[in-house]
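Asker: First the structure, which I've put down as structure tokens, then a few questions once you've had a look.
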Amino acid sequence: MRICYNVSAMIANNALNRNDDKLTQSLKRLSSGLKVVEAKDNPAGMAMGKRMNAQIKGISVATQNSSDAISVIETADGALSEVHSILQRMNELSIRASTGTLSDEDREKVQDEVEQLRSEISRIARDTQFNGETLLNGNFDLKGYTNQEDVKVGYYSDYVTAGTYGITGLTVQLDDKGEVNGAGLVGTAVAGLPLDTAVGNGKVDVELPADAKVTEVVGNKIKITSEANSDFEINLKVYGTPNATVNINNMRMDITGIGAMTMQIGANEGQTLDIRIPTISLEELDIKNLDMRTADSAQESINNIKSAILYVSSARSRLGAYQNRLDHCISNLDITSENMTAAYSRIMDADMAEEMTEYTTLQVIAQSSMSMLAQANERPAQVLQLLQ
607 MRICYNVSAM IANNALNRND DKLTQSLKRL SSGLKVVEAK DNPAGMAMGK RMNAQIKGIS
667 VATQNSSDAI SVIETADGAL SEVHSILQRM NELSIRASTG TLSDEDREKV QDEVEQLRSE
727 ISRIARDTQF NGETLLNGNF DLKGYTNQED VKVGYYSDYV TAGTYGITGL TVQLDDKGEV
787 NGAGLVGTAV AGLPLDTAVG NGKVDVELPA DAKVTEVVGN KIKITSEANS DFEINLKVYG
847 TPNATVNINN MRMDITGIGA MTMQIGANEG QTLDIRIPTI SLEELDIKNL DMRTADSAQE
907 SINNIKSAIL YVSSARSRLG AYQNRLDHCI SNLDITSENM TAAYSRIMDA DMAEEMTEYT
967 TLQVIAQSSM SMLAQANERP AQVLQLLQ
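Quick note: the sequence shown uses the working numbering, first residue 607, plus one each step.
Written as structure tokens, this is what we have:
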């Protein structure tokens, strides 16, 4: 028996320290509810869990963004619904003014109402806003440009490839109202310039479809489509004095493919949705020069108003499709968040029942270690009995 070094007490003390460390770790997990409290607990799990947590929080914000996008669409659609009602009223007035039972004075009254209705459409387009952003004035429509002063790019479909196109050899005749005379223009082939042809300050880098042709003329707008590619559609707006001839020759047409309202609907880069809100204006609707003062002019106005109704109907259909897509997007985000949260929980959360069992076991072992340490500390004192 030795009295200088109590090896038994050292062994019992080391065991007690190890058990105390384990008990401390168990208390951390029980008090925090987490299985991975510190990086040393599970370095790989900690890294994976933090990435998942960032993804979960990003999905939560993306869900809110998607809900905001639906609010934008509902705001725009509500305004367009009223534009629809106004156009329906204008259609009734044009049909009314076309009949021979009305006098010129009666038609003047109809014209006065039409003027007020047109002003209201302009006001709706100007004042419809969401969070300070004007929605219907073309700010969120796809942009396109030309290098020719009297020809502008209006609407083009979402599936038109962005880039620089070239057009040559198209002659447009304007009538006495300054609108495009489509009598001999509809069906005319539209020739494109070869690739890499220098036009103005740029080069042509996208080919126009070989079968591109003018398929419709409304007011000052020319619709160019392709039978081989049903998704291809570009509208050009032609400006000029009445009875003038506009030659579209060696014209560069820049289709940017940008301008729509970009909504972040996912937690990662590039997970976006571009919401295109068409321009609403008297010019775009081709109702700027409606005249109900004579039966003939009122008769001509009927087709213009019907075209405007179709334009607004198309715009609302597009917005409705966006909204349905966003509804599914939100549902998908909710499901993704749910599943990812479950995965995150399996990595980071402690099993409280299992942890409590472990804690109880460690407590018993700690008490046993303390008892054995007390017994080991008493052993050197027993040597004194040999010295008596």
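Note that beta-carbon positions come from the ideal geometry of N, C-alpha and C, so glycine has one too.
All values derive from a computational prediction rather than experimental measurement.
Is Asn853 helix, strand or coil when you go by DSSP?
Answerer: Taking the sequence shown and counting its residues from 1, one reaches residue 853 at position 247. DSSP places Asn853 in strand when its eight states are reduced to three.
Asker: For the candidate residues Gln877, Asn909, Gly808, Lys646, whose alpha-carbon lies nearest to that of Asp860?
Answerer: Residue numbering aside, residue 860 sits at position 254 when the sequence shown is read from its first letter. It is Gly808 whose Cα lies nearest to the Cα of Asp860.
Asker: Could you check which residue in Gly784, Ala816, Ala980, Ala797 has the C-alpha nearest to that of Val844?
Answerer: In the sequence shown, counting from the first residue as 1, residue 844 sits at position 238. Considering only alpha carbons, the answer is Gly784.
Asker: Going by CA-CA distance only, name the one from Ser975, Gln991, Asn983 that's closest to Leu622.
Answerer: By one-based count along the sequence shown, residue 622 stands at place 16. Considering only alpha carbons, the answer is Ser975.
Asker: Could you tell me if Pro800 is buried or exposed, where buried requires 16 or more neighbouring beta carbons within 10 angstroms of its beta carbon?
Answerer: On the sequence shown, position 194 is the one that residue 800 refers to. Answer is exposed; the Cβ neighbour count stays below 16.
Asker: Using alpha carbons as the reference points, say which of Thr947, Lys634, Thr630, Gly825 lies closest to Ile911.
Answerer: As a working mapping, residue 911 is identified with position 305 in the sequence shown. Ile911 has its Cα closest to that of Gly825, out of Thr947, Lys634, Thr630, Gly825.
Asker: Would you check if there are 3 or more beta carbon pairs closer than 8 Å linking the region 918 to 932 to the region 678 to 685?
Answerer: yes
Asker: Helix, strand or coil, according to DSSP, for Tyr765 in the structure here?
Answerer: Taking the first residue of the sequence shown as position 1, residue 765 is located at position 159. When secondary structure is reduced to three states using DSSP, Tyr765 falls in the coil class, being assigned neither helix nor strand.
Asker: Whole alpha helix (DSSP H) runs in the region 944 to 971 with 4 or more residues, listed along the chain?
Answerer: Listed in chain order, there is nothing to give.
Asker: Of all the options Arg724, Val613, Ala949, Val918, which has the alpha carbon lying nearest to the alpha carbon of Leu699?
Answerer: Counted from its first residue, the sequence shown places residue 699 at position 93. With distances taken between Cα atoms, Leu699 lies closest to Arg724.
Asker: Counting beta carbon pairs with one atom in the region 640 to 653 and one in the region 883 to 903, are three or more of them shorter than 8 Å?
Answerer: no
Asker: Where does Asp613 sit, in a helix, a strand or coil, going by DSSP?
Answerer: Within the sequence shown, numbered from 1, the residue matching residue 613 stands at position 7. Residue identity check: residue 613 is Val in the sequence provided, not Asp. It is helical.
Asker: Under DSSP, the beta strand (DSSP E) around Asp880 begins and ends at which residues?
Answerer: Taking the first residue of the sequence shown as position 1, residue 880 is located at position 274. That run of the beta strand (DSSP E) goes 878 to 881.
Asker: Which of the three DSSP states is assigned to Gln661 in this structure?
Answerer: Within the sequence shown, residue 661 is the residue found at index 55, counting from 1. Residue state, collapsed to three classes: helix.
Asker: Exposed or buried, what is Ser907 when buried is set at 16 or more other beta-carbons lying within 10 Å of its beta-carbon?
Answerer: One-based indexing of the sequence shown puts residue 907 at position 301. Looking at its Cβ environment, which holds 16 or more other Cβ atoms inside 10 Å, Ser907 is buried.
Asker: In three-state DSSP terms, what is Ser982?
Answerer: The residue given as residue 982 occupies position 376 in the sequence shown. Checking the displayed sequence, the identity of residue 982 turns out to be Ala instead of Ser. Reduced to three states, the DSSP call for Ala982 is helix.
Asker: With a CB to CB cut of under 6 Å and the five nearest residues on each side skipped, what residues in its chain are close to Ala873?
Answerer: Position 267 of the sequence shown, counting from 1, holds the residue named residue 873. Answer for Ala873: Gln661, Gly664, Ile665, Ala668, listed in chain order.
Asker: Identify the continuous alpha helix (DSSP H) that holds Gln754 and give its terminal residues.
Answerer: Position 148 of the sequence shown holds residue 754. From DSSP, Gln754 is part of no alpha helix (DSSP H); its letter is neither H nor E.
Asker: Beta-carbon within less than 6 Å of Pro884's beta-carbon, same chain only, minus the 5 sequence neighbours each way: which residues are those?
Answerer: For the purposes of this step, residue 884 is taken as residue 278 along the sequence shown, with counting starting at 1. Same-chain partners within the cutoff: Asp747, Ala921.
Asker: Val796 to Ala818, Cα distance in whole Å?
Answerer: Sequence index remark: in the sequence shown, residue 796 carries index 190 (1-based). Sequence index remark: in the sequence shown, residue 818 carries index 212 (1-based). Their backbone Cα atoms lie some 5 Å apart in a straight line.
Asker: Would you identify the three-state DSSP class for Ala804, choosing helix, strand or coil?
Answerer: Here the question's residue 804 lines up with position 198 in the sequence shown. Ala804: strand per DSSP, three-state reduction.
Asker: From Gly769 to Val810, what does the alpha carbon distance come to, in whole angstroms?
Answerer: Within the sequence shown, the letter at position 163 stands for residue 769. Within the sequence shown, the letter at position 204 stands for residue 810. If you take the alpha carbons of Gly769 and Val810, they lie about 8 Å apart.
Asker: Out of Asn671, Tyr917, Thr868, point me to the one whose CA is closest to Asp933's CA.
Answerer: The residue you call residue 933 lines up with position 327 of the sequence shown. Measuring from the Cα of Asp933, the nearest candidate turns out to be Asn671.
Asker: Report the three-state DSSP secondary structure of Asp647 (helix, strand or coil).
Answerer: Position 41 of the sequence shown, counting from 1, holds the residue named residue 647. Asp647 falls in the helix class under three-state DSSP.
Asker: Could you tell me whether the region 626 to 636 touches the region 947 to 955, using the rule of 3 or more Cβ pairs below 8 Å?
Answerer: no
Asker: Could I get the ranges of all uninterrupted beta strand (DSSP E) runs contained in the region 808 to 837, with 3 residues as the minimum, in chain order?
Answerer: 819 to 824, 827 to 831
Asker: From Thr900 to Asp710, what does the alpha carbon distance come to, in whole angstroms?
Answerer: Here residue 900 corresponds to residue number 294 of the sequence shown, with the count starting at 1. Here residue 710 corresponds to residue number 104 of the sequence shown, with the count starting at 1. Their Cα atoms are separated by approximately 7 Å.
Asker: What are the boundary residues of the beta strand (DSSP E) that includes Ile840?
Answerer: Here residue 840 corresponds to residue number 234 of the sequence shown, with the count starting at 1. From DSSP, the beta strand (DSSP E) with Ile840 extends over 839 to 844.
Asker: Tell me which residues share the same chain as His690 and place their Cβ nearer than 8 Å to its Cβ, disregarding the 5 neighbours each side in the sequence.
Answerer: Counted from its first residue, the sequence shown places residue 690 at position 84. Hits under 8 Å: Ile915, Val918, Ser919, Arg922.
Asker: Could you round the C-beta distance between Lys829 and Glu813 to whole angstroms and report it? I think they count as a contact, below 8 Å.
Answerer: As a first step, residue 829 must be located in the sequence shown, where it is residue number 223. As a first step, residue 813 must be located in the sequence shown, where it is residue number 207. Not confirmed; about 19 Å, so no contact.
Asker: Who are the near neighbours of Met765 in its chain, counting only those whose CB is closer than 6 Å to its CB and skipping five residues on each side?
Answerer: Residue 765 sits at position 159 when you count from the first residue of the sequence shown. In the sequence as presented, Met is not what sits at residue 765; that position holds Tyr. Once the five neighbours on either side are set aside, the close Cβ partners of Tyr765 are Asp837.
Asker: So which of Ser903, Asn619, Ile864, Asp902 has the shortest CA-CA distance to Gly744?
Answerer: In the sequence shown, the residue the question calls residue 744 occupies position 138. When each option's Cα is compared against that of Gly744, the closest is Ile864.
Asker: Can you give me the Cβ contacts of Thr851 inside the same chain, cut-off strictly under 8 Å, excluding the 5 residues immediately before and after it?
Answerer: For the purposes of this step, residue 851 is taken as the residue at position 245 of the sequence shown. Thr777, Val778, Gln779, Leu780.
Asker: Where does the unbroken beta strand (DSSP E) through Val778 begin, and where does it stop?
Answerer: Mapped onto the sequence shown, residue 778 falls at position 172. 776 to 779 is the extent of the beta strand (DSSP E) around Val778.
Asker: With distances taken Cα to Cα, identify the nearest neighbour of Ala789 among Leu640, Lys758, Glu822, Val970.
Answerer: Residue mapping note: residue 789 aligns to position 183 of the sequence shown, counting from 1. For the residues Leu640, Lys758, Glu822, Val970, the minimum Cα distance to Ala789 belongs to Glu822.
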